[in-house]
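> Just so we're aligned, residue 416 is where the sequence shown starts under our numbering, counting upward by one.
C-beta atoms are modelled at their ideal positions from N, C-alpha and C, and glycine is treated no differently.
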Amino acid sequence: MPHEETFATAVNCMDGRVQEPVRKWIQQRFGVFHVDMVTEAGPSGILARGEPEEIVRSIFHRVDISIEKHGSRVVAVVGHHDCAGNPVDAHQQKQHIVESVRRIRAWREDVTVIGLYVNHRWEVEEVVSFHPSRPSVQAPREGHDGPDVSPYP
Ligand SMILES: [Zn+2]
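Right, dumping it as structure tokens:
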């Protein structure tokens, strides 16, 4: 049983069909208790294009809270079959997922960033993954009085 205070992050579609499969897959794969959901309509399309800018900023802001306040070390970007917000075929959806992962990766290279595709059977497929290129130092939790180490030199 994973520790109750472990978190991962999913930039997921608001589509109600993908919440549970994505949450369960991430919990099993990474052994975390909670999955913070940052939802938009078709976020893979938004992040692949980099616009609208205010929504990209809002996504980053919420992912940042999940990393900094909840100590998440894994960020998943999700695209899926039959997406109303980003209505493209599976091949293009996966390209958007890869582009989205690259964008998040360029911004945060200290966490694992993965791309997930939820297929027509509502099964989760791992499309791409990047692991931290720098040694990850856990951000000190609030109220923690250990050594004051910043993960961002
Ligand atoms: Zn969708």
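Quick test of your reading: S487 and T424, contact by CB under 8 angstroms. State the CB separation rounded to the nearest angstrom.
5 angstroms
> Please state the DSSP three-state secondary structure of F422.
strand
> Can you tell me whether Q443 is buried or exposed? The criterion is at least 16 other CB atoms within 10 Å of its CB, across all chains shown.
exposed
> Alpha carbon to alpha carbon, how far is V447 from E420?
In this structure, the straight-line span from the alpha carbon of V447 to that of E420 is close to 8 angstroms.
> According to DSSP, is E541 helix, strand or coil?
In this structure, E541 counts as strand in the three-state DSSP scheme.
> When DSSP builds the beta bridges, which residues end up paired with R430?
Note that residue 430 is Asp in the sequence shown here, rather than Arg. Per DSSP, none; premise fails for D430.
> Measure how close the beta-carbons of H496 and H449 come, nearest whole angstrom, since I'm counting them as under 8 angstroms.
Between the beta-carbon of H496 and that of H449 there is about 26 angstroms, and that puts the pair past the 8 angstroms contact cut.
> By DSSP, does G494 sit in helix, in strand, or in coil?
strand
> Using beta-carbon positions only, say whether Q441 and V489 come within less than 9 angstroms of one another.
According to the sequence displayed, residue 441 carries Ile and not Gln. Yes, the pair counts as a contact, with Cβ atoms nearer than the cut-off.
> Taking V437 as the reference, give the member of Q508, G465, V492, E466 with the closest Cα.
V492
> Rounded to the nearest angstrom, how far is the Cβ of V533 from that of V539, given a contact under 8 angstroms?
6 angstroms
> Can you name the start and end residues of the beta strand (DSSP E) that E455 belongs to?
449-455
> Short check: CB of A499 to CB of A463, under 9 angstroms?
no
> Output the distance between the C-alpha atoms of K484 and P417, rounded to the nearest integer angstrom.
18 angstroms
> Straight-line CA distance for D430 to G530?
Straight through space, the alpha carbons of G530 and D430 are spaced by roughly 17 angstroms.
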